[in-house]
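What follows is a short report on a single structure.
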Amino acid sequence: MTGTTKNGAHDVPLLEARGITKQFGTVTANDTVDLVVREGEIHALLGENGAGKSTLVKILYGILEPNAGNVLWRGEAIRLRAPADAQALGIGMVFQHFSLFEALTVAENITLALPRDTSTREVARKVRAISAEYGLPLDPDRHVYRLSVGERQRIEIVRCLMQNPRLIIMDEPTAVLTPQEADKLFETLIRLAGEGCSILYISHRLEEVKRICSTATVLRRGKVVAACDPRKETAASLARMMVGADIDDVKPPGEHAFGPVRLSVAGLSTTPEDPLGTALHDISFEVRGGEVLGIAGVAGNGQEELFEALSGIVPVRRPETMAIDGKPVGRAGINARRRMGAAFAPEERIGEAAVARFKLSENILLSGHETEGVVSGGFINARGARTLATEVIERFDVRVGGPDPEAGSLSGGNLQKFVVGREMRRAPGVVVLSQPTWGVDAGAAAVIRQALIDLAAQGSAVVVISQDLDEIFQIADSIAAISHGRLSAVYPANEMDMEKAGLLMGGVHASETGEAVDAA
Amino acid sequence: MRLELERRGEQSRVMTVLSPVIAIGLTLVAGAILFLLAGIHPAEGIYTYFISPVTTAYSAQEVLVKASPLILIALGLSLCFQANVWNIGAEGQYTLGAILGGWLALAFGNFSSPLVLPAVLVAGIAGGLLWAAIPALLKTVFRTNEILTSLMLTYVALLLLDYLVRGPLRDPAGFNFPESALFGPSAVLPTLASGGRLHLGVLFAFGLAIIMAFAMPTTLKGFQIRTIGQAPKAARFAGFGTNGMILFVFLVSGGLAGLAGISEVSGTIGQLLPVISPGYGFTAIIVAFLGRLNPIGIVFAGLIMSISFIGGEAAQIRLGLPIDVAKVFQGFLLFFILACDTLIYYRLRLLKPRAAT
Numbered sequence: 001m002t003g004t005t006k007n008g009a010h011d012v013p014l015l016e017a018r019g020i021t022k023q024f025g026t027v028t029a030n031d032t033v034d035l036v037v038r039e040g041e042i043h044a045l046l047g048e049n050g051a052g053k054s055t056l057v058k059i060l061y062g063i064l065e066p067n068a069g070n071v072l073w074r075g076e077a078i079r080l081r082a083p084a085d086a087q088a089l090g091i092g093m094v095f096q097h098f099s100l101f102e103a104l105t106v107a108e109n110i111t112l113a114l115p116r117d118t119s120t121r122e123v124a125r126k127v128r129a130i131s132a133e134y135g136l137p138l139d140p141d142r143h144v145y146r147l148s149v150g151e152r153q154r155i156e157i158v159r160c161l162m163q164n165p166r167l168i169i170m171d172e173p174t175a176v177l178t179p180q181e182a183d184k185l186f187e188t189l190i191r192l193a194g195e196g197c198s199i200l201y202i203s204h205r206l207e208e209v210k211r212i213c214s215t216a217t218v219l220r221r222g223k224v225v226a227a228c229d230p231r232k233e234t235a236a237s238l239a240r241m242m243v244g245a246d247i248d249d250v251k252p253p254g255e256h257a258f259g260p261v262r263l264s265v266a267g268l269s270t271t272p273e274d275p276l277g278t279a280l281h282d283i284s285f286e287v288r289g290g291e292v293l294g295i296a297g298v299a300g301n302g303q304e305e306l307f308e309a310l311s312g313i314v315p316v317r318r319p320e321t322m323a324i325d326g327k328p329v330g331r332a333g334i335n336a337r338r339r340m341g342a343a344f345a346p347e348e349r350i351g352e353a354a355v356a357r358f359k360l361s362e363n364i365l366l367s368g369h370e371t372e373g374v375v376s377g378g379f380i381n382a383r384g385a386r387t388l389a390t391e392v393i394e395r396f397d398v399r400v401g402g403p404d405p406e407a408g409s410l411s412g413g414n415l416q417k418f419v420v421g422r423e424m425r426r427a428p429g430v431v432v433l434s435q436p437t438w439g440v441d442a443g444a445a446a447v448i449r450q451a452l453i454d455l456a457a458q459g460s461a462v463v464v465i466s467q468d469l470d471e472i473f474q475i476a477d478s479i480a481a482i483s484h485g486r487l488s489a490v491y492p493a494n495e496m497d498m499e500k501a502g503l504l505m506g507g508v509h510a511s512e513t514g515e516a517v518d519a520a
Numbered sequence: 001m002r003l004e005l006e007r008r009g010e011q012s013r014v015m016t017v018l019s020p021v022i023a024i025g026l027t028l029v030a031g032a033i034l035f036l037l038a039g040i041h042p043a044e045g046i047y048t049y050f051i052s053p054v055t056t057a058y059s060a061q062e063v064l065v066k067a068s069p070l071i072l073i074a075l076g077l078s079l080c081f082q083a084n085v086w087n088i089g090a091e092g093q094y095t096l097g098a099i100l101g102g103w104l105a106l107a108f109g110n111f112s113s114p115l116v117l118p119a120v121l122v123a124g125i126a127g128g129l130l131w132a133a134i135p136a137l138l139k140t141v142f143r144t145n146e147i148l149t150s151l152m153l154t155y156v157a158l159l160l161l162d163y164l165v166r167g168p169l170r171d172p173a174g175f176n177f178p179e180s181a182l183f184g185p186s187a188v189l190p191t192l193a194s195g196g197r198l199h200l201g202v203l204f205a206f207g208l209a210i211i212m213a214f215a216m217p218t219t220l221k222g223f224q225i226r227t228i229g230q231a232p233k234a235a236r237f238a239g240f241g242t243n244g245m246i247l248f249v250f251l252v253s254g255g256l257a258g259l260a261g262i263s264e265v266s267g268t269i270g271q272l273l274p275v276i277s278p279g280y281g282f283t284a285i286i287v288a289f290l291g292r293l294n295p296i297g298i299v300f301a302g303l304i305m306s307i308s309f310i311g312g313e314a315a316q317i318r319l320g321l322p323i324d325v326a327k328v329f330q331g332f333l334l335f336f337i338l339a340c341d342t343l344i345y346y347r348l349r350l351l352k353p354r355a356a357t
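Chains as they are written, first to last, in our numbering: chain A, 1 to 520; chain Z, 1 to 357.
The following block contains the structure:
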């Protein structure tokens with residue numbers, strides 16, 4: 001049967017996907033997926049990483065073509081060969097990773113995506129109008145590199161709105177926002193929905209889905225497993241639908257006293273090599289044995305530079321700026337710090353923490369060539385490295401396709417378990433991790449977080465740099481926030497709440513939020 | 001119906017080996033078409049180019065002699081390319097090796113000592129190494145693009161050689177011909193069999209290929225080189241000093257090109273001439289890729305390239321084709337090898353049209 005009426009008849013949905021199947025080689029990313037989006041609703045698309053959400057929306061936006069199934073727009077079958085087809089119908093998309101030119105202004109970036117004869121000045125005028133109308137503050141003449149991630153997202157939203165869309169697809173829009181910025185976004189979305197624009201909202205944050213979405217479709221391993229009204233569900237019941245099982249709660253650390261200071265940073269300031277990078281200003285903190293310090297912050301506020309300085313990837317000039325177990329290490333490189341018992345896990349899984357085309361045993365060598373005894377006299381002990389890889393695979397339940405596969409063949413969550421597990425293996429005294437569970441499924445995230453808590457319980461100092469406030473509240477003993485390259489004071493976790501953390505992430509510092517309590 | 005490239009989960013081991021074979025096949029097909037257009041029977045053309053060079057003992061020796069500089073240079077270049085360092089100037093490093101080594105050989109004159117030859121070889125290696133150090137330092141210190149600097153330095157080196165053999169190094173007893181005196185007997189690479197053309201340089205090439213085939217997968221150095229090429233940020237995270245590695249691969253490849261240069265003038269030519277290479281330094285780039293940047297692969301690729309050089313000469317004589325046709329073949333081959341490499345990471349699938357609904 002096909003719907004024949006058009007325009008707004010209530011029983012004809014705005015967009016309908018029927019039996020969408022998409023295969024990549026042997027992997028079926030979407031398996032006969034059905035989806036119905038009605039006019040003016042905020043529709044959540046829920047699922048773990050790798051559940052097939054991104055594939056589905058890429059099909060709906062014309063980036064991918066399905067192997068089977070079809071898409072109906074107001075009841076009529078359509079074929080989306082390219083994003084231009086989708087845009088012509090009134091489908092807009094705000095991507096998770098923005099495609100913006102940092103050296104151009106807001107208006108110039110938007111003009112680039114429009115037909116060639118559009119004038120930048122005209123665009124700037126429209127941007128002002130839209131940003132005023134929807135309460136999305138955005139200066140069209142500012143250069144993108146000066147903008148926060150939240151502002152950059154606004155560019156994408158405004159770019160979308162300029163095309164008068166009927167349906168906006170948003171891929172994890174709050175992943176990069178502070179709680180306060182997210183609140184503003186929700187207002188805008190609710191207002192748009194009120195005007196009849198539908199929103200397909202991809203997220204794995206259940207609380208916000210419950211808050212703004214009226215319908216949810218849940219994907220698991222490429223299949224639709226449930227369609228529900230999220231407002232009538234609990235976060236736990238939604239999570240069960242997504243994962244298909246109860247997720248083990250991370251066991252909170254038992255009461256334990258903190259030991260001596262194992263990592264101290266005093267007056268760390270840097271000038272970035274990259275002109276678009278963030279300078280660090282006078283960062284000081286201490287982490288004691290047994291303590292997990294969570295450093296919250298919105299991406300691009302100096303986290304990368306902080307990780308590079310803490311790890312010794314970019315050493316600093318004064319040795320006494322940083323100390324591991326009391327020994328100054330400011331000038332020491334990453335391998336010297338590893339030899340002193342420190343371990344590091346950078347944010348980028350592929351390309352930094354691991355090399356996609358290297359086997360897991362070779363990836364063991366990346367961080368372990370100095371400390372794991374797998375290299376002697378310049379020769380690699382391949383068997384030893386394989387043994388270590390197997391050990392990490394077993395201990396952290398890394399799901400692999402073969403005995404020693406290439407890193408690139410692992411799913412994000414499994415690779416991250418390997419990357420973190422590789423560092424945990426030798427029980428480092430100090431460990432610094434950046435976004436340890438970013439883009440990782442809930443099951444893997446729980447394993448990783450538990451490993452960090454357990455490591456701290458053994459007397460190690462753990463620093464977790466994370467954008468994910470839930471994660472920080474789950475595992476940290478003390479919390480600080482980084483904003484524009486400055487670190488707030490460190491607060492004990494039990495004195496923190498979401499709102500306070502959000503303010504610190506937004507750069508509102510101690511004097512305005514109450515007295516600074518150094519976690520003593 | 002349409003074709004679609006589909007990403008593979010892991011790189012295909014079969015295709016890693018098969019891709020050069022397919023590329024060679026396609027080159028032969030393209031060559032056959034070329035011969036047809038030129039009015040030559042394709043079978044005869046291909047026989048002359050690729051089969052005739054290995055049919056006599058003399059030309060088979062010649063194939064080995066021409067292959068060895070290609071192999072030596074390509075081995076060095078394979079290190080650079082694996083580390084994502086684009087040394088395009090091996091021809092210049094080869095030339096400088098020949099100049100410095102040749103200059104020392106001429107300075108020794110007829111002085112006889114078993115140490116003369118090693119000294120000449122070391123000078124040759126040093127010449128190539130120093131010439132490579134220029135773009136290497138420009139890259140590590142000033143972030144200059146090494147493709148441009150190494151390539152431009154090649155022409156400086158070629159003109160320098162030209163100047164030297166017409167000026168300071170010209171043979172005073174040479175009737176003003178632009179060439180140096182012949183090297184003394186103790187500065188000449190010994191031949192492997194009396195009367196043959198094979199000299200010690202051939203052994204250098206093959207021996208080094210074997211050493212590298214063993215060392216690259218088993219040493220930390222080899223691992224570092226691959227890491228830098230695959231993921232520079234991962235190399236930083238591993239604490240492999242990037243600048244040091246760039247210098248290392250540049251200097252090694254320059255040194256090997258220099259060794260190839262001095263081996264050629266000391267083993268094959270016996271003196272310095274204005275032109276001492278049919279473009280070995282550039283052809284070696286193709287050899288390196290055709291050989292999958294793998295030492296054993298490079299040996300085979302060097303032999304194939306060398307055959308096409310000799311075949312080109314044969315074709316010039318027998319078929320009246322210009323010598324540059326050999327270069328056209330080399331171009332074909334590089335083009336096809338790069339295209340076929342796609343198959344290592346992607347598989348080709350024929351898609352049936354979707355059933356209309």
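For each residue, glycine too, the CB sits at the ideal point set by N, CA and C.
In chain order, what residues of the same chain lie with their CB nearer than 7 Å to the CB of residue i, ignoring the 5 residues before and after it?
i: residue 386(A); result: 361, 404
i: residue 293(Z); result: 78, 81, 82
i: residue 73(Z); result: 90, 94, 256, 257, 260, 280, 281, 284
State the DSSP-derived secondary structure class of residue i, mapped to helix, strand or coil.
i: residue 477(A); result: coil
i: residue 179(Z); result: coil
i: residue 346(Z); result: strand
i: residue 452(A); result: helix
i: residue 340(Z); result: helix
i: residue 321(Z); result: coil
i: residue 5(Z); result: strand
i: residue 40(Z); result: coil
Considering just the uninterrupted stretch of the beta strand (DSSP E) at residue i, what are its terminal residues?
i: residue 33(A); result: 27 to 37
i: residue 342(A); result: 342 to 345
i: residue 536(A); result: Only positions 1 to 520 of chain A appear in this structure, which leaves residue 536(A) out of reach.
i: residue 53(A); result: No beta strand (DSSP E) holds residue 53(A); the alpha helix (DSSP H) holding it covers 53 to 60.
i: residue 387(A); result: Taken as a continuous stretch (DSSP letters only), residue 387(A) belongs to no beta strand (DSSP E), being part of the alpha helix (DSSP H) at 382 to 395.
i: residue 260(Z); result: That residue, residue 260(Z), is in no beta strand (DSSP E); its alpha helix (DSSP H) goes 242 to 263.
Measuring alpha carbon to alpha carbon, tell me which residue in the options is nearest residue i.
i: residue 296(A); options: 68(A), 476(A), 115(A), 14(A); result: 476(A)
i: residue 174(A); options: 186(A), 345(A), 168(A); result: 186(A)
i: residue 283(Z); options: 125(Z), 111(Z), 257(Z), 247(Z); result: 257(Z)
i: residue 432(A); options: 454(A), 465(A), 425(A), 438(A); result: 465(A)
i: residue 424(A); options: 311(A), 444(A), 448(A); result: 448(A)
i: residue 415(A); options: 370(A), 346(A), 371(A); result: 346(A)
i: residue 214(Z); options: 142(Z), 296(Z), 320(Z); result: 296(Z)
Which same chain residues, not among the five before or five after residue i, have their C-beta less than 6 Å away from its C-beta?
i: residue 78(A); result: 71
i: residue 29(A); result: 22, 52, 55, 222
i: residue 273(Z); result: 179
i: residue 134(A); result: 188
i: residue 168(A); result: 92, 160, 199
i: residue 294(A); result: 464, 472, 476, 479
Return the first residue and the last residue of the alpha helix (DSSP H) that residue i is part of.
i: residue 19(A); result: Residue 19(A) -> not in any alpha helix (DSSP H); beta strand (DSSP E) instead, spanning 15 to 24.
i: residue 149(Z); result: 146 to 166
Suppose the cutoff is 8 Å on Cβ atoms and the five residues either side in sequence are ignored; what does the same chain contact list for residue i look like?
i: residue 194(A); result: 40
What are the residues in the segment 85 to 111 of chain A lying within 9 Å of chain Z by C-beta distance? none
Relative to chain A, which residues along the segment 235 to 258 of chain Z have a C-beta separation below 9 Å, given in chain order? 235, 236, 237, 238, 239, 240, 241
When you check each C-beta in the segment 320 to 347 of chain A against every C-beta of chain Z, which residues fall closer than 8 Å? 333, 334, 335, 338, 344, 346
Taking a cut of 7 Å between CB atoms, which residues from the segment 202 to 230 of chain Z lie near chain A? 218, 219, 220, 221, 223, 227, 230
Counting only Cβ-Cβ distances shorter than 9 Å, please list the residues of the segment 202 to 220 of chain A near chain Z, keeping chain order. Residues passing the 9 Å Cβ filter: none.
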